[in-house]
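Numbering (our numbering), first residue to last: 8 to 213.
The beta carbon of each residue, even a glycine, is placed where N, CA and C say it ideally should be.
For reference, the structure discussed in these notes is given below.
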Ligand code: HEM
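Below is the structure:
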């Protein structure tokens, strides 16, 4: 009964715009903080790191949709997945732009050299490259053009992105020997991907 009511609530017209605004809030907050000089002594670092954190959080949210939909029988959650996926891309583009602008002065040769030199940047950049076709094919026309089966196969790339994202974070924090948050995200992604693997194995056995 509660599930049916929650599903109905998720289908309400206001839910999508509300989620849209909620997901935009961190970006708005960062822009506001930067404009009003409230990001502390090193605003560039705060901007790069916060946008990286929000990319990771959005990735958790998008990967949580299917398990929550299946386990809690919340079928209406599926209509929010595309927006969450596009927010992953929105935050990674902001993260990349902050890095390219504030760390590298928008110099393409410096950026290319840095990507080649620092493995954790290369891993992050690879995750960004893999996310690009997913964002580019998130529209109905692209789904129709690709065909559902090929589209689904392509979108499995998100699992590789999750692994690369945790590796990027781990490698970045390894220099500082600070793994507390990395462990939390690795645990969340491990549970989300592990649940899919278990479901896949179980479905194949039937
Ligand atoms: C899916 C892709 C990506 C994810 C999920 C991600 C996530 C993160 C996270 C969580 C952090 C650490 C934030 C913290 O310490 O609180 C970070 C830091 C960073 N990332 Fe990414 N990132 C991604 C892609 C990229 C790309 C494409 C670049 C640049 C080419 C990049 C460059 C950096 C840099 C420079 C830092 C900060 C390092 C420092 O302050 O020492 N990341 N990223």
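If you ignore the 5 residues before and after residue 53, its C-beta comes within less than 7 Å of the C-beta of 46 and 47, all in its own chain and listed in chain order. Annotated three-state conformation of residue 89 is helix, per DSSP.
The C-beta of residue 134 has 16 or more other C-beta atoms within 10 Å across all chains shown, which makes the residue buried.
Rounded to whole angstroms, the Cβ separation of residue 91 and residue 77 is 16 Å, and the two are not in contact under 8 Å. Of the candidates 118, 60 and 40, the residue whose Cα lies closest to the Cα of residue 97 is 60.
Using a Cβ distance threshold of 8 Å, residue 58 and residue 101 count as a contacting pair. Taking the Cβ atoms as the reference, residue 13 lies roughly 37 Å from residue 104, outside the contact range of under 8 Å. Taking a C-beta distance under 8 Å as the contact criterion, residue 170 and residue 138 do not qualify as a contact pair. Between residue 49 and residue 151, the alpha-carbon positions lie close to 46 Å from each other. With respect to residue 62, residue 95 sits close: the two C-beta atoms are nearer than 8 Å. The ligand HEM has no heavy atom closer than 7 Å to the beta-carbon of residue 187. In this structure, residue 199 sits away from residue 164, with a CB-CB distance that is not shorter than 8 Å.
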